[in-house]
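Counted the way our numbering counts, the sequence shown spans residues 14 to 180.
C-beta atoms are modelled at their ideal positions from N, C-alpha and C, and glycine is treated no differently.
Notes follow the structure.
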Amino acid sequence: MLHWYAVYTHPRAEKKLRDQLAKKNIETYLPLIKTRKKWSDRYQWVEEPVFASYIFVRIDFTADSLAVLRLPQSVKFIGTEGAPTVVSDGDIELLRLAVENFAESLVIRDTATLTAGQKVRVIDGPFAGKEATVERVQGKALVVLSFAALNKSVVVEIPVSMLAKGA
């Protein structure tokens, strides 16, 4: 029986894995959104995965899982307690609808890995290039930072999208 599963890929290998799986006639879903990227001399629109290093596959796990894992771009199936997690058809359809109808306003932020005391580097805005320490995560959109390099107790709220882990 066919079910959707999430596969963790090597960094920036999602599109390559999608193409390789298509050659094997394995159904995939790689949600992509257009984002504006800044280079040193210009801005450019690029298509990026909604979830970095993840792709969804619709397979009979017993029959097809090894074919997926044997590809050099794949790392593992996402699951709990050693068993892969089935992603429901409804969840995939909701994701498709969100990407197709709300791509301009769709913002995915991973705040689960940001913790108080963690060192980060600001990658955009007026503090770009500065190192800071996470004071607290405020909801899902903002992080309160302390800039020790300024020798002052300055606290600034900065969107998570403007931060990179590890200073």
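{"Asked": "Since I believe Val173 is in contact with Leu108 (beta carbons under 8 Å), could you give me their beta-carbon distance rounded to a whole number of angstroms?", "Found": "Not a contact, Cβ separation roughly 20 Å."}
{"Asked": "Tyr21 to Val81, Cα distance in whole Å?", "Found": "11 Å"}
{"Asked": "For the ligand SAH, I want to know if Arg71 counts as a neighbour, meaning its beta carbon is within less than 8 Å of at least one of the ligand's heavy atoms.", "Found": "What this structure holds is no ligand at all, so the ligand SAH is not there to describe."}
{"Asked": "So the candidates are Ser66, Ala96, Val59, Phe64; which of them puts its Cα closest to the Cα of Ser78?", "Found": "Ala96"}
{"Asked": "Please report the straight-line C-alpha distance between Arg134 and Thr98, rounded to a whole angstrom.", "Found": "34 Å"}
{"Asked": "For a test of the three-state rule: what should DSSP assign to Arg31, helix, strand or coil?", "Found": "helix"}
{"Asked": "With a Cβ-Cβ cutoff of 9 Å, do Lys28 and Leu15 count as a contact?", "Found": "no"}
{"Asked": "Judging by CA-CA distance, which residue of Ala116, Lys178, Ala111 is the nearest neighbour of Glu144?", "Found": "Lys178"}
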